[in-house]
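Protein chains in written order, with the working numbering: chain A, 15 to 242; chain B, 65 to 237; chain C, 60 to 255.
The beta-carbon is built from N, C-alpha and C at its ideal position, and this holds for glycine as well.
Model, not experiment: these values are computed from the prediction.
So the structure is just underneath, and the comments pick up after that.
Structure, rendered in structure tokens:
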């Protein structure tokens, strides 16, 4: 069978068979296998442009910004007990399959920050460009936003600034504390990680009281679906 | 006088053309083609324009209306379907195949044909909405992506068609 | 991997509507080229004397399937970002059956009915009106059938995943089946054509 002697349809069939055979060796990226540029990622980590402080996140929520997605990487039960308002629960194991557009801005948090850092790596490896972790995780959120401590002996300007922080804390249902409230460990370092320290106030319930202005903590707008 | 009709394109070449358009959709948009969704969006818009209370209380229509932030007709598929009409007209004009006519077999009357067309459309709408797509959205798009539901759907379309063919032969043969 | 372009942020929603229109033109053009603006040609598939529907559809599937396979292989397409319609097995099986019956009764499917009415067919127009009516009826009964419609949810799954066979092998199998099918379809056409 010489090539010119074949009809057009026969040639098409031959091409299809050859390409089909070639496809036997293919490994199209439909799954979770990725390629990494480790140098690029190391640079980003060093420059520390991948963080968001709890205070910044709090400000975004108060402002009602919807240009990002906030993901809580802990388990469902932990999420149900308390989560940062507007957060979506995506346990780390579910993250690779969670539908996210590569161009979407994503903010991650976990209890302390380790899982968030690892999840940051996962998402960056999958090609997401705008991924951030909350510095300090939920612990940082509690310390900075929910239960901010007013330093003892603060100057008037610091007091004025603290008023704003305190207002934000109340917005989220937390309580600002003074330095004497906080049960400091003898060495003045971080609080003892106990289960129910009297000094650690109760975590607020999930629906914070609505302040004077409209609450930005509303359900995300329901976009219409489009079908096929 | 009707301009002469040109013969249809080699089906394999036409299929390749279609396949390349579908591939372009995958590469440019990250989605495939479709058609039935445009009818859903349009119907939801229409019902909402005539009886908004009813439309918004109906779960199916409400899904296509969303929260009102985007107009239901400002949908990808609606624009795509308008393109389909345009492209078909273009091809028809180039080939001299545009005329007002009713396609039917030699034994059927026009009235019967049109009645069947309407009924067939209604049935098909049910099938497409149950399946979340039609031959373009499910069979073509999902077929190329090796989607499980799409292949199951596609096979059943041929099964249903061949099963019904015997009963409808008066219309076509 | 920088494609799909839209998913990687190369253009926005407004532009995507223009893209939709442009792709639609290509779609409609080739549908009409194949003769699918004519219900008689489409229905002929189910009487075995013109298997163009099978040939066109499967050629398109094979073309696009090979395309995504090779583009995904060389890393030019992020296949994971291409939308897969979720699988609801029994509703989709029933839907296919109903659609097939509707196809032979009505003579079109939604896409081809648009191609048909654009080229002047009144039955194509009436068929499209039927789709609108059917959509309305479906929406009205939807609350009653909702549970069935959402049953058998398998999520977004592909044949390689479910059958636990490598992607490339499934692709190869589909190509073989398609080419064999085309050869068989042409044989059937000649046989039926010879009889009548």
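Quiz item: Which two residues bound the contiguous beta strand (DSSP E) that contains residue 83 of chain A?
Solution: 82 to 86
Practice problem: Might you give, ordered along the chain, the residues of its own chain that have their beta carbon closer than 7 Å to the beta carbon of residue 61 of chain C, omitting 5 neighbours on each side? | Solution: 67
Quiz item: Between residue 128 of chain B and residue 136 of chain B, is the Cβ-Cβ spacing less than 8 Å?
Solution: yes
Quiz item: Any contact of the region 95 to 114 of chain B with the region 141 to 155 of chain B, i.e. 3+ C-beta pairs under 8 Å?
Solution: yes
Quiz item: What's the call for residue 79 of chain A, buried or exposed, on a 16-neighbour Cβ count within 10 Å?
Solution: exposed
Quiz item: Start and end of the beta strand (DSSP E) containing residue 214 of chain C?
Solution: 212 to 214
Exercise. Note down the Cα distance separating residue 25 of chain A from residue 17 of chain A, rounded to an integer number of angstroms.
Key: 8 Å
Quiz item: Taking any Cβ of chain B, which residues in the region 16 to 32 of chain A have a Cβ under 8 Å from it, in chain order?
Solution: 22, 23, 26
Self-check item: residue 119 of chain A - containing beta strand (DSSP E), residue span
Solution: 119 to 123
Exercise. Output, in chain order, the set of chain B residues within a Cβ distance shorter than 8 Å of residue 156 of chain A.
Key: The contacting residues do not exist; residue 156 of chain A stays about 33 Å from chain B at best.
Exercise. With residue 159 of chain A as the anchor, note down where its alpha helix (DSSP H) starts and where it stops.
Key: Taken as a continuous stretch (DSSP letters only), residue 159 of chain A belongs to no alpha helix (DSSP H), as it is neither H nor E.
Quiz item: Just checking my contact of residue 90 of chain A with residue 139 of chain B at CB under 8 Å: how many whole Å lie between their CB atoms?
Solution: Their Cβ separation, rounded to whole angstroms, is 34 Å, which puts residue 90 of chain A and residue 139 of chain B out of contact at 8 Å.
Quiz item: Cβ of residue 151 of chain C less than 8 Å from any chain A Cβ?
Solution: no
Exercise. Check the Cβ of residue 236 of chain B against every Cβ in chain C and list those closer than 9 Å, keeping chain order.
Key: 98, 99, 102, 103, 105, 106, 163, 166
Self-check item: residue 84 of chain B: contacting residues in chain C (beta-carbon distance under 7 Å)
Solution: 122
Exercise. Evaluate residue 112 of chain B with the Cβ neighbour count: other Cβ atoms within 10 Å of its Cβ, from every protein chain shown; 16 or more gives buried, anything less gives exposed.
Key: buried
Quiz item: Could you give the distance in angstroms between the alpha-carbon of residue 228 of chain C and the alpha-carbon of residue 209 of chain B?
Solution: 14 Å
Practice problem: Could you list which residues in chain C have their beta carbon closer than 7 Å to that of residue 115 of chain B, in chain order? | Solution: Those within 7 Å of residue 115 of chain B in chain C number zero; the least Cβ separation is about 11 Å.
Quiz item: Does the beta-carbon distance from residue 205 of chain B to residue 94 of chain B come in below 8 Å?
Solution: no
Quiz item: Using a beta-carbon distance below 8 Å, is residue 126 of chain A in contact with chain C?
Solution: no
Quiz item: By the 10 Å Cβ neighbour count, where 16 or more other Cβ atoms means buried, how is residue 138 of chain A classified, buried or exposed?
Solution: buried
Self-check item: Beta-carbon proximity list for residue 248 of chain C, same chain, < 8 Å, skipping 5 on both sides
Solution: 107, 108, 109, 110
Quiz item: Does the Cβ of residue 42 of chain A have 16 or more other Cβ atoms within 10 Å, making it buried, or fewer, making it exposed?
Solution: buried
Practice problem: Using three-state DSSP, classify residue 60 of chain A as helix, strand or coil. | Solution: helix
Quiz item: CA-CA distance, residue 252 of chain C and residue 102 of chain C?
Solution: 15 Å
Quiz item: Given that a residue counts as buried once 16 or more other Cβ atoms are within 10 Å of its Cβ, and exposed if not, what is residue 158 of chain A?
Solution: buried
Quiz prompt | Own chain residues within Cβ distance below 7 Å of residue 50 of chain A, not counting five before or after | solution = 139
Quiz item: Between which two residues does the beta strand (DSSP E) harbouring residue 162 of chain B extend?
Solution: Note, residue 162 of chain B: premise wrong, no beta strand (DSSP E); not H, not E.
Quiz prompt | Interface residues of chain A facing residue 238 of chain C [CB-CB closer than 7 Å] | solution = 27, 30, 31
Self-check item: Best match in C/160, C/175, C/245, C/182 for proximity to residue 172 of chain B [C-alpha to C-alpha]
Solution: C/182
Quiz item: Hey, how far is the Cα of residue 51 of chain C from the Cα of residue 92 of chain B?
Solution: With chain C covering 60 to 255 only, the question about residue 51 of chain C has no answer from this structure.
Quiz item: Any residues in the region 90 to 124 of chain A with a beta carbon nearer than 7 Å to a beta carbon of chain B? Which ones, in chain order?
Solution: none
Quiz prompt | Cβ-Cβ separation, residue 201 of chain B to residue 91 of chain C (assumed contact under 8 Å), whole Å | solution = Not quite, the Cβ-Cβ distance comes to about 19 Å (not below 8 Å), so this is no contact.
Exercise. Measure how close the beta-carbons of residue 48 of chain C and residue 193 of chain B come, nearest whole angstrom, since I'm counting them as under 8 Å.
Key: Coverage of chain C is limited to positions 60 through 255, which leaves residue 48 of chain C absent and any answer about it impossible.
Practice problem: Please report how far the alpha carbon of residue 224 of chain C lies from the alpha carbon of residue 39 of chain A, in whole angstroms. | Solution: 13 Å
Practice problem: Since I believe residue 83 of chain B is in contact with residue 119 of chain C (beta carbons under 8 Å), could you give me their beta-carbon distance rounded to a whole number of angstroms? | Solution: 4 Å
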